[in-house]
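Here is the structure we will look at.
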Amino acid sequence: MQQHISTAAVSSSSPASANTSSLSGGLNQLQGATGVMGVMGRRLSLKSCSSDSSNNRFSQQLETEEKDKIEKWKDNLEHENHICPISHTLMVDPVVLADSGITYERSSIEKWLEKSRTCPISKKRLAGNVNQLIPNYSTKNLIEQAKEKYCNKLIGLLEQKLEDKKGIADCLDLIDSDLLIYVDKNEKRTMWEKIMLIKLRMMVLKRDLEMSGNLDEWFNKLEYELLESTHLIIREDSSAIFSFDSHQFKSVKHMLDQLETKYDTTHALAYQQIKKHLDEENKKREEFEYRYRMKQFQKAKQKEERKVRREREAALQTANNAQSATEELSTTQWLAMGAGILGAGALIAVGLFSAFSSASGRNDRRK
1 MQQHISTAAV SSSSPASANT SSLSGGLNQL QGATGVMGVM GRRLSLKSCS
51 SDSSNNRFSQ QLETEEKDKI EKWKDNLEHE NHICPISHTL MVDPVVLADS
101 GITYERSSIE KWLEKSRTCP ISKKRLAGNV NQLIPNYSTK NLIEQAKEKY
151 CNKLIGLLEQ KLEDKKGIAD CLDLIDSDLL IYVDKNEKRT MWEKIMLIKL
201 RMMVLKRDLE MSGNLDEWFN KLEYELLEST HLIIREDSSA IFSFDSHQFK
251 SVKHMLDQLE TKYDTTHALA YQQIKKHLDE ENKKREEFEY RYRMKQFQKA
301 KQKEERKVRR EREAALQTAN NAQSATEELS TTQWLAMGAG ILGAGALIAV
351 GLFSAFSSAS GRNDRRK
């Protein structure tokens, strides 16, 4: 289920209490969380970002050497053996086309074979079963290892930049446009939480640098940005969809705890407010799910009762039909027995009449 609220309500410059009311009041129904995935193989795009405030004392951009280093890491990840010859992107599900022995991304080669029965590389006509695709587990494992190595290097760089308080804007772009593409929060939750915690810390630092201590505005805007970045809020046109699942909820609460008690105690009150809102909405979700389960239970119970009632009525009808048939059979049997008795009586009468007639004839002749 989804509940939409205006993004203006969550990004307003009104006091924090008004924002709290708009956030809490807008949620009645919830849906499962969406995953953090994107198109594989996208090239790194680092945007330069200047500060919105003259009080920004730290550079928001990465150094040229750092950008070159990242590009080199990316080149190692996007090795030619890891790239699909058709889509020219990093393969996610590599398969071998049995007739040619060449590895492709499954979705790409399947689309190709729907239109053509030739090899995408040699252009030769394929013989035999062209749809025979064999999973290439060795290549997939190599790609996964390369992705993990690349992500770990980027995480190390991000942690260093966070400590130096430099290149924050570029780092945030790097996380969104590149790093999170390779980390599935469901399969690699520990790494995903680590990246998201770094991102949240950078968002807080960037917000402080840009707003120069304007806490009212900071309170009003930060919560929405934090929840959106962790996909507990998802943009849809001009509205926001609040989305929960139990694992996602626990992960975000854990990150907020770390921000509050370890990395950003200055704004502990803000994190407490956010956690309070999350608890309120999670309670609403649980209540909604409970009501939904009870409603489904009642529907199932009523359905079962109707089924039992129909079966009972059918059994009763069958019994009535059997009784009627028995009664009809009994009547027929009595009629048959009566007819038999009458027939037997008639035969006896005929026999007696014949015997009497014969005896009378003999007596007449004797006289």
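No gaps in the numbering here: position 72 of the sequence shown is 72 in the UniProt record's numbering, and each next residue is one more.
Note that the Cβ used here is the ideal one computed from N, Cα and C, for glycine as well.
Since the model is a prediction, treat every value here as computed from it, not as a measurement.
Could you check the C-alpha separation between K47 and Q60 for me, to the nearest Å? Summary for K47: the model assigns pLDDT 33, below 50, so the residue's position carries little reliability; its value from the coordinates is reported in the next sentence. Taking the CA atoms as reference points, K47 sits about 10 Å from Q60.
Short Cβ contact (8 Å threshold) for H172 with M202: Per the sequence shown, residue 172 should be read as Leu rather than His. Yes, they are a contact pair.
Coil, strand or helix - I86 by DSSP: Here I86 sits in coil by DSSP.
If I measure Cβ to Cβ from Y290 and keep anything under 8 Å in the same chain, skipping five residues before and after, which residues do I get? If we look at Y290 and ignore the five residues flanking it on each side, it has no Cβ neighbours.
Please state whether DSSP places E63 in a helix, a strand or coil. The DSSP-derived three-state label of E63 is coil.
Taking the beta carbon of W112 as the centre, do at least 16 other beta carbons fall within 10 Å, making it buried, or is it exposed? buried
From the DSSP output, read off the bridge partner residues of T103. V96
Could you please give me the residues that DSSP links to residue 368 through a beta bridge? Nothing can be reported for residue 368: it is not among the residues displayed for the chain, which extend from 1 to 367.
Count the other CB atoms, across all protein chains shown, that sit within 10 Å of the CB of V350; report buried if there are 16 or more and exposed otherwise. exposed
Identified DSSP bridge partners for R125: R125 is bridged by DSSP to T118.
In this structure, how does DSSP classify K206 when only helix, strand and coil are distinguished? helix
Is the distance from the Cβ of residue 428 to the Cβ of H82 below 8 Å? Missing from the structure shown is residue 428; the chain here goes from 1 to 367 and no further.
Determine the closest residue to K199 out of D176, K185, K188 and A315, with distance taken between C-alpha atoms. D176
Short check: CB of N152 to CB of P94, under 8 Å? Remark: C-beta atoms of N152 and P94 do not approach each other more closely than 8 Å.
Residues of its chain near A127, where Cβ-Cβ distance is below 8 Å and the 5 sequence neighbours each way are ignored: Same-chain partners within the cutoff: D99.
Check N76 in the structure and name its three-state DSSP category. Correct three-state label for N76: helix.
DSSP-derived helix/strand/coil call for D264: Of the three classes helix, strand and coil, the one that applies to D264 here is coil, per DSSP.
So, is G167 buried or exposed, given that buried needs 16 or more other C-beta atoms within 10 angstroms? buried
So what does DSSP say about M294, is it helix, strand or coil? It is helical.
Under a CB-based cut-off of 8 Å, is S100 close to chain B? Going by chain labels, chain B is absent from the structure shown, which holds only one protein chain.
Taking the alpha carbon of K276 as the reference point, which residue from E287, V252 and D264 has its own alpha carbon closest? V252
Verify whether the separation of the beta carbon atoms of E110 and I86 is less than 8 Å. no
By a C-beta neighbour count over all protein chains shown, 10 Å radius and 16 as the cutoff for buried, is R285 buried or exposed? When all chains shown are included, R285 counts as buried.
Could you check whether E193 and M255 sit closer than 8 Å to each other, using their CB atoms as the reference points? yes
Evaluate Q317 with the Cβ neighbour count: other Cβ atoms within 10 Å of its Cβ, from every protein chain shown; 16 or more gives buried, anything less gives exposed. exposed
Same chain, Cβ closer than 8 Å to S354, five either side skipped, listed in chain order: If we look at S354 and ignore the five residues flanking it on each side, it has no Cβ neighbours.
Would you mind giving the Cβ-Cβ distance between D164 and V204, rounded to the nearest angstrom? I have them listed as a contact below 8 Å. So it is not a contact: roughly 16 Å between Cβ atoms.
With DSSP as the reference, label K275 as helix, strand or coil. In the displayed model, K275 falls within a helix according to three-state DSSP.
What does the Cβ neighbour count give for H267, buried or exposed, with the cut at 16 atoms within 10 Å? Under this definition H267 is a buried residue.
Burial state of T64, where buried means 16 or more other Cβ atoms lie within 10 Å: exposed
Where D178 falls: helix, strand or coil (DSSP): coil
Distance between K303 and residue 369 (C-alpha atoms, nearest Å): Here the chain comprises residues numbered 1 to 367, so residue 369 is not present and cannot be evaluated.
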